[in-house]
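One structure is given below, encoded as structure tokens.
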Amino acid sequence: MLSDILWIFTIGICALLGLRSPYLALYTVIFIDILKPQNLSYGFLANASLSLLLTSILAFSILINIKKLVLPKKIGITILLIFFVFWITYTTSIAQFPGPAWFKYDYVIKTIAMTIVIPFIINTRLKMEIVVCAMVVGVSYYVVIGGVRTALGQGGYGMPLVPTRLGDSEIVETSTLSMIAVFTIPLLIYIRNHSLFRNKIRFLKHICIFLIACCLLTILGTYARTGLIGLFILFFLFFLSSRHKLKIAVGSVVAAACILVFVSDDYLSRMQTLENATEDSSALGRILVWKWTIDYVKDRPITGGGFDSFRANTGQLNQYLPNSTNIEIKETTPKAFHNVFFEVLGEQGYIGLLVYMLLIYRSWYLNWKLSRDENCESSLRNLATVLHQIIIIYCVCGMFIGVAYAPWIFYFIGISSALQNVTAASSEAPSSSRGRKSLSRTKPPK
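By the count of this note's numbering, the sequence shown reaches residue 1658 at its end, each step adding exactly one.
Written out as structure tokens, the structure is:
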């Protein structure tokens, strides 16, 4: 009860400040969207629509502060997002399962709307870094608890590492939590080494190191194969982008040795199932759903089946089992897509999948191109490098979990678009300042 009152007080102050400045309202929405205090509460905040309330405040703040908005420098992502909004609205209107489809549509449309407004609000490096910090602070609650519980030997397969009122769902679902912990690491490294706050907040570097350690422990404590794959991809990307490749290689070997020494036999046996997916019911079930999805969209290739169309696979998966396995899939319950691309394909058809992939590719490409622009400020190049690494990690890890419409990927898409505003402003600032200086020199004396 006391924590709920504290949350209401904090959110109330942020909301009042956000009415004057849209970017403050934006930070509050992102922070609440990630932390989700309503899922942690057992009091009157439980199941409260905090995100909807704060999004409404953000919309009102934008309306009364419309002159403070800026036009995105790169409009392509915005156009794709707007088309995607119209497309998912249409597919939901003809969905095979209307009730669940409209329920999912409610939070997906809010996330995409938030993504659209991000580049209209964020146009300075300070605003950009506060967004990044809001995301990191939001997830820190989960990785700290996950890291501490892992260190105390409380991790394990088949149980939520971070207990919440909703059990093993949303951000604390083991595979999802391990993926988030992986791509939080490069964000923390950026904050520690390049952020504007690194010399202004005492002990910030030590806090970042502590949180990185918590992320690594959380990845191990979830027993999720997704986390191990994501961690491998992260080290590989670090190796490719670093000038100190030998240090990265040695560090990777040392990290792998530490994992082998300190993890339990249960963890090692869980990871060994990566060698043969047909011998593990969880991995095999994913493959069967992907096969079913390809057949499912043959009858509706343009629009798919709408949100939650995976419900149609009830009782149909065993026909896709290979003859060489003795594993059977439950016939009484549907199995989710467990893959971001098959999720979009099954729900939005090939047109929706094309738009979704274009959004990801365009965001990745803008960051990749910016990370190699020698004329760009070094700190912004580093942030672009981090963002394109995160997008790759998200795509790889997303091959095994159904997080196609989770806020993370869309927020990174919005931040990638907003980063173009920031770099454009930083490149224009020196020339404008030189212009002012030259004018002052040519001013005739009184």
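Even for Gly, the Cβ is constructed at its ideal location relative to N, Cα and C.
All values reported here derive from a predicted model rather than from experimental measurement.
What is the DSSP secondary structure of residue i, counted as helix, strand or coil?
| i | result |
| --- | --- |
| Asp-1318 | helix |
| Ser-1454 | coil |
| Arg-1414 | coil |
| Ser-1407 | coil |
| Tyr-1617 | coil |
| Leu-1400 | helix |
| Ala-1325 | helix |
| Gly-1517 | coil |
| Pro-1534 | coil |
| Val-1465 | helix |
| Ala-1495 | helix |
| Asp-1507 | helix |
| Ile-1306 | coil |
| Glu-1555 | helix |
| Glu-1385 | coil |
| Leu-1632 | Checking the displayed sequence, the identity of residue 1632 turns out to be Gln instead of Leu. It is helical. |
| Gln-1528 | coil |
| Arg-1574 | helix |
| Phe-1296 | helix |
| Leu-1446 | helix |
| Leu-1378 | coil |
| Phe-1622 | helix |
| Phe-1422 | helix |
| Phe-1612 | coil |
Ends of the alpha helix (DSSP H) at residue i?
| i | result |
| --- | --- |
| Arg-1523 | Element bounds for Arg-1523: n/a, residue is neither H nor E. |
| Ile-1547 | The displayed chain sequence assigns Lys, not Ile, to residue 1547. Premise fails: Lys-1547 is in no alpha helix (DSSP H) and is neither H nor E. |
| Ala-1436 | Per DSSP, Ala-1436 belongs to no alpha helix (DSSP H) and is neither H nor E. |
| Arg-1584 | Neither: Arg-1584 is in no alpha helix (DSSP H) and is coded neither H nor E. |
| Gln-1201 | Here the chain has residues from 1213 to 1658 only, and residue 1201 is not among them. |
For this session: Mind the definition here: the segment 1320-1329 touches the segment 1386-1394 only if three or more C-beta pairs lie below 8 Å; say whether that holds.
Result: Cβ pair count under 8 Å is below three, so no.
For this session: Could you say if the segment 1495-1510 and the segment 1547-1554 meet the contact criterion of at least three C-beta pairs nearer than 8 Å?
Result: Yes, the segment 1495-1510 is in contact with the segment 1547-1554.
For this session: Please go through the segment 1327-1376 and give each complete alpha helix (DSSP H) segment of 4 or more residues, from N-terminal end onward.
Result: Listed in chain order, the complete alpha helix (DSSP H) runs (minimum 4 residues) inside the segment 1327-1376 are 1337-1363.
For this session: Enumerate, from N- to C-terminal direction, the unbroken alpha helix (DSSP H) stretches of 4 or more residues contained entirely within the segment 1217-1287.
Result: For the segment 1217-1287, whole alpha helix (DSSP H) runs of length 4 or above, ordered along the chain, are 1234-1247, 1249-1252, 1262-1276.
Exercise. Is there contact here, the segment 1359-1366 with the segment 1305-1318, by at least three beta-carbon pairs under 8 Å?
Worked result: These segments do not touch.
For this session: Assess, as a yes-or-no matter, whether the segment 1598-1605 is touched by the segment 1621-1632 under the definition of 3 or more beta carbon pairs within less than 8 Å.
Result: Taking 8 Å as the limit for Cβ pairs, the verdict is that the segment 1598-1605 does touch the segment 1621-1632.
Exercise. Between the segment 1242-1249 and the segment 1349-1358, do three or more beta carbon pairs fall short of 8 Å?
Worked result: In short, these stretches touch, since the Cβ pair count reaches three.
Exercise. Is there contact between the segment 1273-1290 and the segment 1572-1583, where contact requires at least three CB pairs shorter than 8 Å?
Worked result: Contact holds between the segment 1273-1290 and the segment 1572-1583, because three or more Cβ pairs, one in each stretch, are under 8 Å apart.
Problem set entry | Stretch pair the segment 1447-1460 + the segment 1409-1428: three plus CB contacts closer than 8 Å | At 8 Å Cβ cutoff, the stretches do not touch.
Exercise. Taking one C-beta from the segment 1225-1236 and one from the segment 1265-1273 each time, how about it: are there three or more such pairs within less than 8 Å?
Worked result: Cβ pair count under 8 Å is three or more, so yes.
Exercise. Taking three-plus beta-carbon pairs below 8 Å as touching, is the segment 1551-1564 in contact with the segment 1506-1517?
Worked result: In this structure the segment 1551-1564 touches the segment 1506-1517; the number of beta carbon pairs closer than 8 Å is three or more.
Exercise. Is the segment 1605-1614 touching the segment 1434-1442 in the sense that three or more CB pairs, one from each, lie closer than 8 Å?
Worked result: Using a Cβ-Cβ distance cut-off of 8 Å, the segment 1434-1442 and the segment 1605-1614 are in contact, since at least three pairs of beta carbons, one from each stretch, lie closer than that value.
For this session: Determine contact between the segment 1583-1598 and the segment 1402-1421, defined as no fewer than three beta-carbon pairs at a distance below 8 Å.
Result: Between the segment 1583-1598 and the segment 1402-1421, the count of C-beta pairs closer than 8 Å reaches three or more; the two stretches touch.
Exercise. Any contact of the segment 1250-1263 with the segment 1213-1227, i.e. 3+ C-beta pairs under 8 Å?
Worked result: The answer is yes - the segment 1213-1227 touches the segment 1250-1263, with three or more Cβ pairs under 8 Å.
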